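Q: Note that the numbering used here has the sequence shown beginning at 156, numbered continuously upward.
A virtual CB, placed ideally from N, CA and C, is assigned to each residue, including glycine.
Small disclaimer: the values here were computed from a predicted structure and weren't measured.
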Amino acid sequence: VRFANGKLQRPDSLRFTVYRHRDTAHPRKGHRRILVSETERLCYVGHNFGSDVMKCNSLCRYFVGVLDKNSGQMDVYNAEIFNMQPLLSGGRCWESQLLGCLVLLIPALFPWHGARTVPSPLHAGRDSGRGEHKLKVSWRLWLGNEQWGLCSPGCTGCFDVCFCLVQMDLCIEAFGTSKQKRALSSRRMNAVGNDIVSTAVTKAAANVIDAKGVTALMQDMAQDDVQNISAFLPPCHEDADRPEHVYKFEDILSPAEYEALQVPAAALANITAEEMAKRAEERSHCSFVLEELKFLPTDERTRDHKARCLWFLDTLIKFSHLKVIKKKHPMGPECPHIISKKLMKNFTSLTYNDGRIQNLISASMKAKITAYVIALALHINNFQTDLTILQNDMKLSESRILDIAKALRLRVSKAKGAPGLENDQNHKLGTLSLPLPTQKAPEGQRKRKKMN
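1. Taking the beta strand (DSSP E) that Ser192 belongs to, which residues open and close that run?
2. Could you give the residue range of the alpha helix (DSSP H) that holds Pro419?
3. Evaluate Pro419 with the Cβ neighbour count: other Cβ atoms within 10 Å of its Cβ, from every protein chain shown; 16 or more gives buried, anything less gives exposed.
4. Just to confirm before moving on: does the CB-CB distance between Thr525 and Met549 stay below 8 Å?
5. Tell me the rounded alpha-carbon separation between Leu515 and Lys482.
6. Along the chain, where does the alpha helix (DSSP H) that runs through Cys211 open and close?
7. Tell me which same chain residues have a C-beta within less than 7 Å of the C-beta of Gly227, skipping the five on either side of it?
8. Please report the distance separating the alpha-carbon of Ser206 from that of Leu563.
9. Please state whether DSSP places Thr470 in a helix, a strand or coil.
10. Beta carbon of Val156, beta carbon of Gly220: below 8 Å?
11. What is the residue span of the alpha helix (DSSP H) that Arg175 lies within?
12. With the cut-off set at 8 Å, would you say Leu423 and Leu465 are in Cβ contact?
13. Could you pull out every residue in the same chain whose Cβ sits closer than 6 Å to the Cβ of Leu259, ignoring the five residues on either side in sequence?
14. Leaving out five residues before and five after Arg458 in sequence, what residues of the same chain have Cβ atoms less than 8 Å from its Cβ?
15. Where does the unbroken beta strand (DSSP E) through Asp541 begin, and where does it stop?
16. Decide if Pro590 is buried, meaning its Cβ has at least 16 other Cβ atoms within 10 Å, or exposed.
17. Please classify Ala570: does DSSP put it in a helix, a strand, or coil?
18. Assuming Ala421 and Ile493 are in contact, meaning their beta carbons sit under 8 Å apart, how far apart are those beta carbons, in whole angstroms?
19. If Val528 sits next to Leu468, beta carbons under 8 Å apart, how far is it from one beta carbon to the other, in whole angstroms?
20. At what residues does the beta strand (DSSP E) containing Phe404 begin and finish?
21. Do Arg187 and Asn212 have their C-beta atoms within less than 8 Å of each other?
22. Which same chain residues, not among the five before or five after Asp454, have their C-beta less than 8 Å away from its C-beta?
23. For Met239, count neighbouring C-beta atoms within 10 Å of its own C-beta (all shown protein chains included) and say buried if the count is 16 or more, exposed if not.
24. Considering only C-alpha positions, which residue in the set Arg555, Gly331 and Tyr174 is nearest to Gln546?
25. With Asp558 as the anchor, note down where its alpha helix (DSSP H) starts and where it stops.
26. Using the Cα positions of Val401 and Ala428, report the straight-line distance between them to the nearest angstrom.
27. Which residues does DSSP list as the beta-bridge partners of Ile512?
Below, the structure written as structure tokens:
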């Protein structure tokens with residue numbers, strides 16, 4: 156700990172009490188601590204949360220070493236630095252304000268487990284009759300799951316928090332250091348500045364709305380959203396005269412990558428009916444690929460082309476199911492090196508975790524993979540594909556894949572799926588046709604239906 160208003164002359168005379176938040180499972184509140192100390196003259200309190208918390212705890216790590224003189228070994232423990240602030244008596248009851256939802260860190264100090272009354276920390280004040288320091292004990296009562304604070308006798312500051320802040324400002328003006336006085340002056344100026352800025356921003360926004368109009372502003376926002384979405388889509392050629400030129404095959408698979416797929420895709424091109432039934436039973440491929448393998452063309456060149464496309468599509472879908480890439484060859488040794496490099500470079504984002512850089516498939520990267528899967532499926536199926544089958548293979552919600560399909564400028568319609576597949580009565584069909592529909596940004600969170 157360190158004290159804001161001076162240095163300790165007798166550290167051994169201090170007594171510290173630590174409090175923690177009641178909700179230890181909460182991700183943000185579980186680590187909150189309040190440290191209280193008492194001296195002969197004042198009470199001090201420090202905490203590791205709030206707007207005035209010390210920044211050094213988040214920027215650095217601190218440790219405390221305890222040396223065992225007998226064994227010569229040192230145990231190292233994590234530590235935090237608390238800035239202890241003095242609490243002035245009569246301003247406000249800091250116990251009821253700060254510790255309203257906290258319990259003692261070490262309840263074993265109180266042996267009466269059956270009782271539901273736990274003593275709060277001691278509140279130090281000055282006895283007006285003798286001029287001596289007197290300790291007033293307050294208590295905290297538990298009724299069921301609710302906690303009720305009973306203040307110290309004579310305390311009238313619980314409902315006057317602002318009065319305490321005014322007192323502190325007056326003390327700083329009279330006895331504070333130059334640094335404290337500058338901070339007080341800056342805080343007062345910022346309070347006035349915030350009101351001025353808020354008024355100016357409101358006036359400027361009103362002027363922009365009056366000058367440009369709400370409709371034009373909404374169109375600008377939609378255009379910005381469209382540009383953000385386009386970063387995760389295959390290159391779109393809006394001036395194309397044929398559907399196959401809107402999303403060019405070369406933008407999905409380069410000639411070198413397409414050539415590298417010849418060897419791994421040969422197994423799909425030469426698959427027999429027995430092998431297909433076995434793979435369907437083992438579910439070694441996604442439903443889209445298993446369904447398309449039933450309709451491989453007889454022409455050798457066309458059959459090889461479709462087999463390569465199906466192999467790469469199946470690899471993309473399997474790759475999207477990963478979260479953190481930990482292996483050098485995540486898709487196995489049979490995947491060509493140029494394809495593995497393409498997957499890692501184009502469909503993962505870098506993150507720093509556990510002291511090393513890792514490749515992560517984030518939500519945005521999964522959306523990008525979905526867009527490329529849909530574009531490749533359009534080339535396989537003559538620019539009309541079943542979005543529901545791809546949705547099930549990608550493990551996405553229907554609204555998610557429909558948003559991506561609409562961003563790809565597809566026309567979505569209802570269709571009956573193939574027999575034997577899931578939800579064969581409510582399939583969504585995506586079609587790429589010219590002219591392209593107007594691009595719109597996703598609607599975001601849809602309105603919930605009202606319950607009668």
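A: Walking through what the data contain:
1. Residues Arg188 to Glu193.
2. That run of the alpha helix (DSSP H) goes Gln417 to Ala424.
3. In summary, Pro419 is buried, with 16 or more beta-carbon neighbours lying within 10 Å of its beta-carbon over all protein chains present.
4. Contact: yes.
5. So the two alpha carbons sit approximately 12 Å from each other.
6. Cys211 to Leu214 is the span of the alpha helix (DSSP H), which, as asked, contains Cys211.
7. Answer for Gly227: no residue qualifies.
8. Straight-line spacing of the CA atoms in Ser206 and Leu563 works out to 45 Å.
9. Judged by DSSP in its simplified three-state form, Thr470 adopts helix.
10. By the CB criterion at 8 Å, Val156 and Gly220 fall outside the cutoff.
11. For Arg175, there is no enclosing alpha helix (DSSP H); the enclosing beta strand (DSSP E) covers residues Arg170 to His176.
12. In this structure, Leu465 lies closer than 8 Å to Leu423 by Cβ.
13. Any reading at Leu259 needs caution, since the residue's pLDDT is 35, under 50, leaving its predicted position unreliable; the model's value is listed next. Taken in chain order, the list of residues that qualify is empty.
14. Taking Arg458 as the centre and dropping the five residues before and after it, the same chain places the C-beta of Ala424, Leu451 and Pro452 closer than 8 Å to its C-beta, in chain order.
15. Gln539 to Asp541 is the span of the beta strand (DSSP E), which, as asked, contains Asp541.
16. Pro590 comes out exposed.
17. The answer is strand: DSSP assigns Ala570 an E or B state.
18. Going by Cβ atoms, the distance from Ala421 to Ile493 rounds to 17 Å, so no, they are not a contact pair.
19. Yes, they are in contact, since the Cβ atoms of Val528 and Leu468 sit about 6 Å apart, within 8 Å.
20. It is not in any beta strand (DSSP E) - Phe404 instead sits in the alpha helix (DSSP H) that spans Phe404 to Ile407.
21. By the CB criterion at 8 Å, Arg187 and Asn212 fall outside the cutoff.
22. Same-chain partners within the cutoff: there are none.
23. Classified as buried, Met239 has 16 or more neighbouring CB atoms from the shown chains inside 10 Å of its CB.
24. Nearest C-alpha to Gln546: Arg555.
25. Glu553 to Ala562 is the extent of the alpha helix (DSSP H) around Asp558.
26. Straight-line Cα distance between these residues: approximately 35 Å.
27. In the DSSP assignment, Ile512 forms a beta bridge with Tyr507.
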